[in-house]
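Data first, discussion second: the structure below is written as structure tokens.
Protein chains: 2
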Amino acid sequence: MPDGVHVFDRLLEIALLIQQDMSRELGPAGLTAARTHLLWEVHHRGPSTQQALAAALQVSPRNVTGLVDAVEKGGFARREPHPTDRRATLVTLTEQGTRAMADMVASRGQIAAHLVSDFDTAQLQRFTADLDAVTARLHELMDDGSPT
Amino acid sequence: MPDGVHVFDRLLEIALLIQQDMSRELGPAGLTAARTHLLWEVHHRGPSTQQALAAALQVSPRNVTGLVDAVEKGGFARREPHPTDRRATLVTLTEQGTRAMADMVASRGQIAAHLVSDFDTAQLQRFTADLDAVTARLHELMDDGSPT
DNA sequence: TATTGTTATACTCTATAACTATA
DNA sequence: TATAGTTATAGAGTATAACAATA
Chain L
1 MPDGVHVFDR LLEIALLIQQ DMSRELGPAG LTAARTHLLW EVHHRGPSTQ
51 QALAAALQVS PRNVTGLVDA VEKGGFARRE PHPTDRRATL VTLTEQGTRA
101 MADMVASRGQ IAAHLVSDFD TAQLQRFTAD LDAVTARLHE LMDDGSPT
Chain S
1001 MPDGVHVFDR LLEIALLIQQ DMSRELGPAG LTAARTHLLW EVHHRGPSTQ
1051 QALAAALQVS PRNVTGLVDA VEKGGFARRE PHPTDRRATL VTLTEQGTRA
1101 MADMVASRGQ IAAHLVSDFD TAQLQRFTAD LDAVTARLHE LMDDGSPT
């Protein structure tokens, strides 16, 4: 007798496990979840202003200052002057930062493959579709509830 | 062409959305994620020592002191003397705390039902089984990686 | 001697508000 | 006047280490 609550509980459990697994990997490299999230964003967007990062991470500009301070100190990123706007700075990945993100992509790929290694193609297709449906429902809930 | 990485990304996205939704509900009541987690644990275990809660939440005893201070101040829980061990205290839910947990169960049930409201019985069964399989795989990964 | 909870101290993430330098 | 980033200040979550009371 499966029901929605079971699904919800499982999703919560999975979320927790993924978080734990990721912090276990990042800790040694001197990275935290928040800092990694910032680097990840820079990795995908390319050199970005702190304002852009604040918007992308849905976090205050002040917070970004702190995170950039930390990853700069750790050698993962660098502040560079914006070529045309002298008020702004561009956050860029260093070689070390680029390497860290590449490692992360690789390790995430391994985990991802392992998660569904039992599934045949049809099953994976169905499961993916179901996850997409649940995600869409969640987005609906979020949009309904916070009309701002 | 679905693959494991898509699944992984979706799971991350779902985790994020659920977190956001939950904090949106808890904020108004004066509760945070960490405090709610503690109350949730007390709700399920019954009156518990802080040591037991620290173990259950996988958090330091010192941390539990702070969280209990906060939920006690907020009127959600109470410290009571342990009947046989005078070193220990039992954390118990107040009426307000019990009500808050009941509300949470109800609201979580609504969300959960909505998430899979499109699914017919067979689909829900399959989806649940797939989620269980993924969860089992994640547990494997966690156990492998942290031999401690 | 071991355990329970607390005080002391410190680090990270987060926020708002005020300020500086530029647009 | 508005925007980019910083300083100032504050609160929450987390940790370790030292300590008191009790087992």
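Respectively, the protein sequence lines represent chains L and S.
Okay, so the first sequence: first residue is 1 according to our numbering, each after it adds one.
Okay, so the second sequence: first residue is 1001 according to our numbering, each after it adds one.
Ideal Cβ positions, reconstructed from N, Cα and C, are used throughout, including at glycine.
* Asked: Comparing alpha-carbon positions, which option in Phe127(L), Met22(L), Ala33(L) and Leu39(L) lies nearest Phe76(L)?
  -> Nearest of Phe127(L), Met22(L), Ala33(L) and Leu39(L) to Phe76(L), Cα basis: Leu39(L).
* **Terminal residues of the alpha helix (DSSP H) in which Val1116(S) lies** => First-last for Val1116(S): undefined, no H or E at that position.
* Between Gln50(L) and Val91(L), is the Cβ-Cβ spacing less than 8 angstroms? -> yes
* **Proximity below 8 angstroms, CB of Leu1016(S) to CB of Ala1100(S)** => no
* Using a Cβ cut-off of 8 angstroms (strictly closer), state whether Gly27(L) contacts chain S. => no
* Leaving out five residues on either side along the sequence, give the residues of the same chain with a beta carbon under 6 angstroms from the beta carbon of Ala88(L). => Thr49 and His82
* **Distance between Arg1126(S) and Pro61(L) (C-alpha atoms, nearest Å)** => 44 angstroms
* Taking only runs of the alpha helix (DSSP H) that begin and end inside the stretch 1045-1087 of chain S, which ones reach a length of at least 4 residues, in chain order? -> If we require 4 residues or more, the alpha helix (DSSP H) runs fully inside the stretch 1045-1087 of chain S come out as 1050-1057 and 1061-1073.
* Based on the DSSP output, what are the partners of Leu1093(S) in its beta bridges? -> Answer by DSSP bridge pairing, in chain order: Ala1077(S).
* To do: Please classify Leu31(L): does DSSP put it in a helix, a strand, or coil?
  => It is coil, neither helix nor strand.
* To do: Give the straight-line distance between the Cα atoms of Ile1014(S) and Asp132(L), rounded to the nearest whole angstrom.
  => 9 angstroms
* To do: Quick one: which residues of the stretch 101-120 of chain L get their C-beta closer than 8 angstroms to a C-beta of chain S? List them in chain order.
  => Arg108, Gly109, Ile111, Ala112, Ala113, His114, Leu115, Val116, Ser117, Asp118 and Phe119
* Asked: Of all the CB atoms in chain L, is at least one closer than 8 angstroms to the CB of Val1071(S)?
  -> no
* Answer with buried or exposed for Thr65(L), where buried requires no fewer than 16 other C-beta atoms within 10 angstroms of its C-beta. => exposed
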